[in-house]
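Participant: So that we are looking at the same thing, I have put the structure below in structure tokens.
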Amino acid sequence: NAGVTQTPKFQVLKTGQSMTLQCAQDMNHEYMSWYRQDPGMGLRLIHYSVGAGITDQGEVPNGYNVSRSTTEDFPLRLLSAAPSQTSVYFCASRYTDTQYFGPGTRLTVL
Amino acid sequence: AQRVTQPEKLLSVFKGAPVELKCNYSYSGSPELFWYVQYSRQRLQLLLRHISRESIKGFTADLNKGETSFHLKKPFAQEEDSAMYYCALGTPFSNAGNNRKLIWGLGTSLAVNP
Chain L
1 NAGVTQTPKF QVLKTGQSMT LQCAQDMNHE YMSWYRQDPG MGLRLIHYSV GAGITDQGEV
61 PNGYNVSRST TEDFPLRLLS AAPSQTSVYF CASRYTDTQY FGPGTRLTVL
Chain F
1 AQRVTQPEKL LSVFKGAPVE LKCNYSYSGS PELFWYVQYS RQRLQLLLRH ISRESIKGFT
61 ADLNKGETSF HLKKPFAQEE DSAMYYCALG TPFSNAGNNR KLIWGLGTSL AVNP
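Below, the structure written as structure tokens:
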């Protein structure tokens, strides 16, 4: 099993650009989520999904969209990037009480 | 309000010394608590869950409901324990049955010096 994979590992955007962070898992987990990690702020939940076709907002959803068309994939879209979205983004899937994290995407918005 | 507090941003100890990473929570229900660890250049991973009462890599954590704490302890720290440690509280989603979301502390960076 590859576990949770994320692409790209690094990305630099200009303000106003859009992009999609990819996340996939091959463990058939129903629950998936996106976090951002910022210094001094810990991990903050952006969006989550409890199964294909079901998504909901976390703590900091503004500026991000998600969809869940399959169990495996949970992409995160930035519609119009802002410098405040400079962060490290983690995708995670969950089975019972254990979360499995991806390696992260380091995003810089100039 | 549901909250997890890790009062120390940075904890520095010498190799062989005992280490305790503090975690306090605020939750009115029955808590599920976890410790996650992120070693340098590695992904975040589960270290301990309170319900299993296990010892992993020499670390233990006991849930103290009276003090609403879940401190992580190790009697003799090793250099390879240097990492970022996050305490997390599992709380139920309103619309997802048995699924729970995690509320995270801000993390404590542990540095074990030789």
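Protein chains in written order, with the working numbering: chain L, 1 to 110; chain F, 1 to 114. Think of the CB as a built atom: it goes at the ideal place given N, C-alpha and C, for glycine as much as any other residue. Because the structure is a prediction, the values reported are computed rather than measured.
Out of curiosity, what's the CA-to-CA distance linking residue 30 of chain L and residue 66 of chain L?
Facilitator: In a straight line, the C-alpha of residue 30 of chain L is about 15 Å away from that of residue 66 of chain L.
Participant: Where does residue 26 of chain F fall in DSSP's three states?
Facilitator: The answer is strand: DSSP assigns residue 26 of chain F an E or B state.
Participant: Taking buried to mean at least 16 other C-beta atoms within 10 Å of its own C-beta, is residue 116 of chain L buried or exposed?
Facilitator: The shown model of chain L, from 1 to 110, leaves out residue 116 of chain L, and the question about it has no answer.
Participant: So, is the C-beta of residue 10 of chain L closer than 8 Å to a C-beta in chain C?
Facilitator: Checking the listed chains, one finds no chain C in this structure; the protein chains it contains are L and F.
Participant: Could you give the residue range of the beta strand (DSSP E) that holds residue 21 of chain F?
Facilitator: Note, residue 21 of chain F: beta strand (DSSP E), 19-21.
Participant: Using CA coordinates, which residue listed in F:106, F:102, F:82, F:68 is at the minimum distance from residue 17 of chain F?
Facilitator: Checked all of F:106, F:102, F:82, F:68; the closest Cα to residue 17 of chain F is F:82.
Participant: Hey, could you find the ends of the beta strand (DSSP E) residue 56 of chain L is sitting in?
Facilitator: First-last of the beta strand (DSSP E) with residue 56 of chain L: 54-57.
Participant: Along the beta strand (DSSP E) that carries residue 113 of chain F, what are the first and last residues, could you check?
Facilitator: 108-113 is the span of the beta strand (DSSP E), which, as asked, contains residue 113 of chain F.
Participant: Which residues in the same chain have their Cβ closer than 7 Å to the Cβ of residue 2 of chain F, if we skip the five residues on either side of it in sequence?
Facilitator: So the qualifying residues of the chain are 26, 27, 89, 91, 103.
Participant: What's the call for residue 42 of chain L, buried or exposed, on a 16-neighbour Cβ count within 10 Å?
Facilitator: Residue 42 of chain L should be labelled buried.
Participant: Which chain L residues are close to residue 86 of chain F, counting only those with a beta carbon under 9 Å from its beta carbon?
Facilitator: Within 9 Å Cβ-Cβ: 42, 43.
Participant: Tell me whether the segment 55-75 of chain L and the segment 5-19 of chain L touch, counting them as touching only if at least three CB pairs, one residue from each stretch, are closer than 8 Å.
Facilitator: Verdict: no, contact absent.
Participant: Closer than 8 Å between beta carbons: that is the criterion. Which residues of the segment 49-74 of chain F meet it against chain L?
Facilitator: Here the close residues are 49, 51.
Participant: Chain F beta carbons: is any one of them nearer than 8 Å to that of residue 98 of chain L?
Facilitator: Yes, contact with chain F.
Participant: Taking the alpha-carbon positions, what's the residue 70 of chain F to residue 51 of chain F distance?
Facilitator: Those two C-alpha atoms are separated by around 11 Å.
Participant: Answer yes or no: does any C-beta atom of chain L fall closer than 8 Å to that of residue 22 of chain F?
Facilitator: No, its Cβ sits nowhere closer than 8 Å to a Cβ of chain L.
Participant: Hey, quick one: how far does the beta strand (DSSP E) through residue 27 of chain L stretch, first residue to last?
Facilitator: Looking at the DSSP string, residue 27 of chain L is not in any beta strand (DSSP E), and its letter there is neither H nor E.
Participant: Could you please give the first and the last residue of the uninterrupted beta strand (DSSP E) stretch that includes residue 46 of chain L?
Facilitator: Looking at the DSSP string, the run of the beta strand (DSSP E) that includes residue 46 of chain L is 42-51.
Participant: Over what stretch of residues does the beta strand (DSSP E) that includes residue 14 of chain F continue unbroken?
Facilitator: Segment 10-14, the beta strand (DSSP E) holding residue 14 of chain F.
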